[in-house]
Amino acid sequence: MNDPARADGPRLAADLGKSDLLELYEYMALARAAEDRLEIMLKQGHVKGGLYRSLGQEAVGVGSAFALDRRVDGTGDMIAQTVRTTGAIFLMGGTPLQYFRQYLARSTGPTRGREANVHWCDFRKGLLGPVSPLGTMTQVMAGITLVFKQTGQPRVGLAYAGDGQTSTGAWHEGLNFAAVRRCPFVAIVQSNKYAFSTPIRLQTRLASFTGKAAGYGIESRSVDGNDVLEVFEATRDAVARARDGGGVTLIEARTYRRLGHAQHDAQEYVPREEIEEWERKDPIGRFRERMVREGWALESELDALDVAARERCEKDAERAIQEPAPDAEEAVQRVYEGLITSVPWTRLPEPTPRGAAI
Ligand SMILES: Cc1ncc(C[n+]2csc(CCOP(=O)(O)OP(=O)(O)O)c2C)c(N)n1
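Encoded structure:
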């Protein structure tokens, strides 16, 4: 859906028709199914590196990316993804198969086995990709959106950040730069209560991250991040403002990281009741319940989407598992500019001991 205002039959909610609402559900279900399948592959020893999940945060990535102009030819809007935006990556055109190949470090994957998890980009699909130092991609996206503006391209850039990321100098600099230059930029703070084990109260004295917007003179809005329609509406407004030359908006999406930072984090610093409370606010469960209650969809239609998501992930996982890792000689190529002619792991000759006769 590239035009959020497009009507397909009656508009049921947030100016969206039935097929749009089903698509929102479908992509949240797909994100969950893909990550569930990855968890099994991790236990089977197929995943290289850690596994980072967006469990319970699916509405943030899906609701926001749904508001973008999504194209696969390099002319649409762009996102700077994080490890918690699986649904957004799929909506932009990334696929579960790409996702699995990357997590399994396969030679067929987006980085051909050179990098792990979401560290990949696909500019044609509007995926800028992340680098590890937090905050950096907000700076890069600020620059990209300045180019959009200066070259008269009607494109918008959206950069996601966790609450921890907002404490980095890079995030501040990027946001301030985009604000001052009135770039077509949307900043989404995925406020999920923890950065690793650090709670929000140790990131900021503010009650809401929207308070930071005042410091940059930009618009802001706080939304229930587990309500996919609320996230969508806020992002749609922010994107429209950005495209019209109205500058930057900061959206705080209040959500919860239901698992540890990654699979290696047992989350011992989190009270069990807190997790249970957020399990009851599950974004997929809530949207399903609402769709059925409002008569937007039948339970059987949603069941069919769940089954299709799981079957697709099963098929793609089996395929990725069978595919090869890159061979060692190939894996070192194209990491830096130019080809590597001598392999870097060749041992240097032992140094001559001091005082030895030469
Ligand atoms: C500048 C920087 N500092 C520290 C880290 C290590 N690190 C990686 S992820 C992470 C936590 C991120 O938390 P947050 O931004 O809240 O995102 P979340 O994982 O909660 O989605 C940290 C501290 C890093 N990658 N970069």
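Each residue of the sequence shown is one higher than the one before, starting from 2 at the first, in this note's numbering.
Every residue, glycine too, gets a C-beta built ideally from N, C-alpha and C.
If you're wondering where the values come from, they're calculated on a predicted model, not measured in any experiment.
About 6 Å separates the Cβ atoms of residue 184 and residue 249, confirming a contact at the 8 Å cut-off.
By the 16-neighbour rule on beta-carbons within 10 angstroms, residue 85 is buried. Between the region 81-95 and the region 281-301, the count of Cβ pairs shorter than 8 Å is below three; the stretches do not touch. In this structure, residue 171 has its CB closer than 8 Å to one or more heavy atoms of ligand 1. Taking a cut-off of 8 Å for Cβ pairs, the region 193-203 and the region 25-34 do not touch, as fewer than three such pairs fall below it. Contact check for residue 241 against residue 220 fails: the beta carbons are separated by 9 Å or more. Ranked by Cα distance from residue 95, the options 116, 66, 298 are led by 66. Looking only at 110, 322, 39, the smallest Cα-Cα distance to residue 56 is reached by 39. If you look at residue 225, you'll find it in the beta strand (DSSP E) that goes 220-225. In the DSSP annotation of this structure, residue 147 is not part of any beta strand (DSSP E); the continuous alpha helix (DSSP H) holding it starts and ends at 137-151.
When secondary structure is reduced to three states using DSSP, residue 83 falls in the coil class, being assigned neither helix nor strand. The beta carbon of residue 92 sits no closer than 8 Å to any heavy atom of ligand 1. Taking 8 Å as the upper bound for CB-CB distance, residue 259 and residue 280 are in contact here, some 7 Å apart. Under DSSP, residue 187 shares a beta bridge with 159, 250. Remark: C-beta atoms of residue 62 and residue 161 approach each other more closely than 9 Å. In this structure the region 207-226 does not lie against the region 40-48, because fewer than three pairs of beta carbons, one per stretch, are closer than 8 Å.
In this structure, residue 34 sits away from residue 111, with a CB-CB distance that is not shorter than 9 Å. With 16 or more other Cβ atoms from the protein chains shown falling within 10 Å of its own Cβ, residue 167 counts as buried.
Leaving aside the five residues that flank residue 47 on each side, the residues in its chain whose CB is nearer than 7 Å to its CB run, in chain order, 105, 322.
The alpha carbon of residue 145 has as its nearest neighbour, out of 11, 333, 103, 76, the alpha carbon of 76. Boundaries of the alpha helix (DSSP H) harbouring residue 97: 97-104, taken from the DSSP string. Close CB contacts of residue 300 within its chain, under the 6 Å cut and outside five residues either way in sequence, are with 293 (chain order). At a cut-off of 8 Å, the beta-carbon of residue 197 counts as near ligand 1: some heavy atom of the ligand is closer than that. Under the criterion of beta carbons closer than 8 Å, residue 255 and residue 226 qualify as touching, at roughly 5 Å.
Bounds of the alpha helix (DSSP H) holding residue 314 are 300-323.
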